[in-house]
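Just so you know, the sequences run in chain order A and B. First residue of the first sequence: 1, per our numbering; consecutive thereafter. First residue of the second sequence: 1131, per our numbering; consecutive thereafter. What follows is a single structure, written as structure tokens, with notes after it.
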Amino acid sequence: MSHYDKKEKRTLTVYVSIFFLLVTGFAAAGYVSYRNFEGQFHSQAEYQISAIAEIKVNGLVNWRKERLSDANFLYQNPAFSALVERYLENPDNVEARARLLAWLGNYQVYDQYDWVQLLDMQGQTRLSSPDGIPPLSPIIAEHIPEVLQTEQPTLVDFYRRDSDGQIRICLLIPIMDVQTGNQTIGLVAISIDPQVYLYPYIQNWPINSTSAETLLVRRDGQDVLFLNELRFIQDAALTLRYPLTDTDTPAVKAALGQTGVVEGLDYRGEPVLADIRAVPDSPWFLVAKMDIAEAHAPLMARLWQTFGIIGMAIFVAGAGLALVWRQQRIFFYHTQVEAAEALRESEDKFKYIFDYSVVGKSITHFSGEMHVNKALCDMLGYSLQEMQEKKWQEITHPDDIELTQNAIGTLISGEKESARFVKRFVRKNGSIVWVDLSSVIRRDQQNQPLYLISVVIDITERKQAENALCESEEKYRRLFDNAPLGIFQSTLEGEVISTNSAFALMFGYDSPEDAMQSIKNVSTDVFADPNRRAEIIRLTTENPDLRTFENVYRRKDGSTFIGSLNTMPIGDPDGHLVRIEGIVEDISERKRMQEMLVKRAQQLAIVADVSAAISANLDQAQLLQSVADLSKERFDFYHAHVYLLNEAGDTLILAAGAGEVGRQMMLQGRQISIHREHSLVARTARERKGVIVNDIRQEPDFLPNSLLPDTRAEMAVPIIVGETLFGVLDVQANQVNRFIEEDVRIMTTLAAQIAVAVQNARLFADVNFQKYALDQHSIVAITDVTGKIVYVNDKFCQISKYFRAELIGQDHRILNSEYHPKVFMRDLWVTIANGKVWEGEIHDRAKDGTLYWVDTTIVPLLNEQGQPHKYVAISADITERKRAEAEILKLNAELEQRVSERTAQLEITNKELEAFSYSVSHDLRAPLRGIDGWSQALLEDYRDKLDKQGQQYIDRVRSETQHMGHLIDDLLQLSRLTRAEMVKEQVDLSVLAQTVAERLKQDEPLRPVDFNIQAGLTAEGDAHLLKIVLANLLGNAFKFTGKRADARIEFGETELEGQHVFFIRDNGAGFDMAYSQQLFGVFQRMHKITDFPGTGVGLATVQRIIHRHGGRVWAEAELERGATFYFTLG
Amino acid sequence: MKIKDILLVEDNPSDIGLTRRALEKSHIANKLIVVEDGQEALDYLFGGDPLTDQKLNELPALILLDLKLPKVDGLQVLRRIRANERTSRLPVVMLTTSSEEDDIAQSYDLGANSYIRKPVDFNQFVEAIQYLGLYWLVMNEPAPPKKR
């Protein structure tokens, strides 16, 4: 298993562990959350049932009180008792009978009472309403003795009527005699039909429910008896009963005196949650119950919901981890690909050198396959194609095959790493070519030979020269000079004895002669390392086959380069080494390119690293600081800093600098005007391209910075995206010539990344600020098209009382309060699904069950096809406003309710009063008329039989009777005033008063009365009623001035405390102000009837009329000094 | 010509006596026929027993009608009188104790010729009956009976 596989496996193990930790965490959170909810939910359901039970019980208690108060009305009513007494004494008393029937009828009209009966002491029905009802039920008869004994109104509980089997409740009221009030003379039985009010009230459940109901039971011997109609069984009332031993049933528990919330089996055998309690002052027990299945339904929903959330969370966690793992894998392979790419490039380079070298080169695999370069092909006269198919044996001179095989054998055996020998090849045209062949062997990791790399130099001519010894110096020189390789011969002592022009060129000498003269010692002047030459000589002496070395050479000007060296010892005939020939090939370019390639790759890697480091950073300051620090550190610069262009585009402001120096410069708050002449940074910004100053000492414009004393070279590149210049990245080096054009390109690449990152950071900051502003004000949520929440802000969590993690991934319906009808939500979804903005007020439910209102705007986010892909909901909390609105509505409704109740009561009272008045006017006056009439008849017909006294008595009877008649009339008028509809208009009070005064004067034409009526007094009011006021007040004034000879009566208007006040003033008998409080009471009189006759109703009438006009009436008087009555109107 | 009757519809025996006395004192010679409830009044006016083939009663010269009557009340009787072609033109005087505006208004709406409130003072009552008799029986020219 490779290192990578191991590492990968380890990583995978870590991920799997994290995943399982998360799964455990989610499961635990889900469990805790569910248990918590379960607890809350239980107490909530119980609270609901208890609350309803309590309301019901209160209602029932009230109902019973109302019934007993209805009873009390008759029970303590002397008028009624008198009627009953009269009727029971004399059943033929038609009038008593009729009036009793009216009373009973009045009762019976209440919807709840289906009949009312009057019973005598024997329990016999004497009167009933309606007429002809069946005789009394024995059940009621049983209760009569009890009522007679307690002498209190009693409710006879639910029973079945014999006559028709209907269920009724009966109210038994004892009627007491009028005189003593402690003797029962009869009974009134009122039958109440529970179907009208009571059953519906019990059955009504205030909340939507499929199973909830309330039932009423009572103990009946050893059983519990159900009293009302049930939801799930027909005709259960007074039929269904359970033995008291059946203690699983809540009804039984209730009857046994248990109270509170219990669980049990109801009459269907269903498990139910019930609140049981006794109804105070009654034999009743109330059971409010609901099926546990229904009560617990939301719990099951919650359970599934919790499972869903946990499953989803696990999935998301798994997917997230898998994603991260995959990213790592991608990154790993990416790195590998890059490495492979670098290798390929290096190989390309090698191939280039191989292919285009002027020296023949070959790579010979042991399979026999051979790669050759162009130079070798040219040397041998074959095309590349042809050479590919040849084996080395085919082109080697037959005499040299053995030699070659031996050399290869030494290489394969490992005796030598390289071999050099001279051999002959046969050209395509058959001619022979002498070559100096150097081979090295390459082996694989197991040290198995792979191939041979050979350098082949054509030495035919040299050989020919050597062999023929007739080659002219000129010819050799040409070869020598034309060779592309620097060739030099030196003595053992290090003196150069010949060179070629290539050597001079390579080493920076003017000519071969210059080189020979200038080079005093090869060891020091040619080799950079003075010991190198001696080492090479030693190596070649020890191993004659070792001929190729790579060395650092020194040019004339002192600069160095790398080159390969081929040495060939030249001995004297005795075999002593006398001089050395060296062939130098400049490979510095090749080396440099290799190095540059590596460096470039490294730099690009750094760029990639820095980009990666900053692209994840959305904070601009941090990001730029990372850029400065990373650039300095990774590129090994002396310093790096970043300037940003200000918004005006005229100043570059230092935004970040590497290290401590950067921090200090930041504190100085460095700025550079973009127009500044002598600034590299400003120039870079203006020209928008990278600038290098490789030796600041040569740059007259350079401004030294005391914090950066060692700066020697500087480079600046613009940070730019498209057309937008963000700023300048400036880097400095402490060595001259540190930067090349390549660096500009690299840094420009980096700067482009920085620019993108800065742009992102700014966009992010903008968006973040807007988001921050929005979050401060609003409740924000984002859902996907299916309504799944993908984002919520803090305010959302706050109001909904959920944690963010509880909401993300949830359907928005988690908040559904079920307040809105389905069509409301459908309308919402249709609107936003069509890409339109929806606005409205939503009633939501928080986690803890509290309800809240939000004013919401939902904006659909559209993709390129115009389809919504996300919905952003922005809301404001309006719960308080809604609550206030609801409060006002409720108060209004209550007020209206109260007003209508009061109105209804008033109407009833008015009706009663009307009926009363009507009977008074008919029934009270008729006998009076009789008394008066028959007294008169007596007087007329039997005058002779009566003495004076008797006649006077009869006159007295008549005058009393007539007085009574007046009293009745006045009372009737008074009561009528209250009811009469007012017609308001502009009334001329002066004219009215005048009319009244005229009439008064006509009554007593002989009385000298001075009426002084102010003209033109008008007021808003009912003319008829105001006339009654004036008639009473003026009439009084007229009456009480009756004993004065200079009677004076005045009607006028004055102003008191800024208010218009009418007054009627007289100089009559007046009255004592001590009694002024009673002045306006009915039948209140201030004077003896013999002095001034009257009924005592007039001023009461006046006051009532004035009050109906919204005015006030009062009086000032003094005994025997007259009285003034003031009144206002509205 | 035969003097036509006066029909008094009144249930209070005392009032019947007093009315009779008042009529006598006013020297009104018309025969007073008394019926004591609304149904009797209707029977008297529209009766006629189909079995005995009893003839219809002759219509009275004047009907004195109380408002509050057993069985069928005064207003109902008045309505029936006005609804029937034969009796629609009969002078009907409401003679009653009620001074309720509603009663007065309804009576006139149903076609009462006059509305008299019985005063408590018997002398005044006699006076009222006198005027009544004088006006309706002497001065007033009765409407001709409708031809069948």
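We put the CB at the ideal spot given by N, CA and C, even for glycine. On a predicted model such as this, the values are computed, not experimentally measured, just so you know.
Check, Outcome
"Assign Arg762 (chain A) to buried or exposed, taking buried as 16 or more other Cβ atoms, counted over all protein chains shown, within 10 Å of its Cβ.", "exposed"
"Counting only the same chain and skipping the five closest in sequence on each side, list residues whose C-beta sits under 6 Å from that of Arg1065 (chain A).", "Glu1050, Thr1124"
"Out of B:Ser1228, B:Val1256, B:Lys1161, which has the shortest C-alpha to C-alpha gap to Glu914 (chain A)?", "B:Ser1228"
"So what's Ser673 (chain A) in DSSP terms, helix, strand or just coil?", "strand"
"Any beta carbon of chain A sitting closer than 8 Å to that of Ile1259 (chain B)?", "no"
"Going by the beta-carbon positions, is the gap between Phe1070 (chain A) and Thr1041 (chain A) smaller than 8 Å?", "For the sequence presented, residue 1070 (chain A) should be read as Gly rather than Phe. No."
"With distance defined between alpha-carbon atoms, name the residue in A:Leu437, A:Leu411, A:Ile459, A:Lys463 nearest to Asn447 (chain A).", "A:Leu411"
"Specify the secondary structure class of Gln735 (chain A) as computed by DSSP and reduced to three states.", "coil"
"For Ser778 (chain A) versus Lys801 (chain A), is the C-beta distance shorter than 8 Å?", "no"
"Pull up the DSSP beta-bridge partners for Glu841 (chain A), would you.", "A:Asp855"
"Hey, Leu989 (chain A) and Ile1105 (chain A): beta-carbon distance below 8 Å or not?", "no"
"Run through the segment 54 to 133 of chain A for me and flag every whole alpha helix (DSSP H) of 4 or more residues, listed as ranges in chain order.", "78 to 89, 94 to 108"
"I'd like to know whether the C-beta of Asp1239 (chain B) is nearer than 8 Å to at least one C-beta of chain A.", "no"
"When the Cα of Ala601 (chain A) is compared with those of A:Arg745, A:Ala1037, A:Asn531, A:Asp1046, which residue comes out closest?", "A:Arg745"
"Rounded to whole angstroms, what's the CA-CA distance from Glu471 (chain A) to Val736 (chain A)? Just pull it up for me.", "Unreliable positioning characterises Glu471 (chain A) in this predicted model, as indicated by a pLDDT of 49, which lies under 50. A coordinate reading is not provided."
"Using three-state DSSP, classify Thr1041 (chain A) as helix, strand or coil.", "coil"
"Using only the alpha-carbon positions, how far apart do Leu384 (chain A) and Ala713 (chain A) sit?", "49 Å"
"Is the beta carbon of Gln1014 (chain A) closer than 8 Å to that of Glu1053 (chain A)?", "yes"
"Please classify Leu703 (chain A) as buried or exposed, where buried requires at least 16 neighbouring CB atoms within 10 angstroms.", "exposed"
"Given Gly59 (chain A), which residues of its chain have a CB within under 7 Å of its CB, disregarding the five upstream and five downstream residues?", "Tyr201"
"Alpha carbon to alpha carbon, what distance is there between Val217 (chain A) and Ala278 (chain A)?", "9 Å"
"With distance defined between alpha-carbon atoms, name the residue in A:Asn228, A:Thr524, A:Leu977, A:Ser615 nearest to Asp157 (chain A).", "A:Asn228"
"Give the straight-line distance between the Cα atoms of Tyr942 (chain A) and Tyr953 (chain A), rounded to the nearest whole angstrom.", "13 Å"
"Could you tell me which of A:Arg738, A:Ala612, A:Glu1116, A:Leu1079 sits nearest to Phe1063 (chain A), measuring between CA atoms?", "A:Glu1116"
"Going along chain B, which residues have a C-beta under 9 Å from Ala937 (chain A)?", "Gly1147, Leu1148, Arg1151, Phe1252"
"Among A:Gln770, A:Leu750, A:Ile606, A:Cys170, whose alpha-carbon lies nearest the alpha-carbon of Ala71 (chain A)?", "A:Cys170"
"Mapping DSSP to helix, strand and coil, what is Arg925 (chain A)?", "helix"
"Measuring CA to CA, which of A:Leu321, A:Asp281, A:Glu263 is closest to Ala293 (chain A)?", "A:Glu263"
"Does the beta-carbon of Leu889 (chain A) have 16 or more other beta-carbons within 10 angstroms, so that it is buried, or is it exposed?", "exposed"
"Does DSSP put Val1097 (chain A) in a helix, in a strand, or in coil?", "coil"
"My understanding is that Ala628 (chain A) touches Ala648 (chain A), with C-beta atoms under 8 Å, so please give their C-beta distance in whole angstroms.", "24 Å between Cβ atoms; not a contact."
"Does DSSP put Gln986 (chain A) in a helix, a strand or coil?", "strand"
"Beta-carbon separation of Trp63 (chain A) and Leu198 (chain A) under 8 Å?", "yes"
"Would you mind working out which of A:Arg688, A:Ser564, A:Ile754, A:Asp636 sits nearest Ser626 (chain A), comparing C-alpha positions?", "A:Ile754"
"From Leu452 (chain A) to Thr364 (chain A), what distance separates their C-alpha atoms?", "5 Å"
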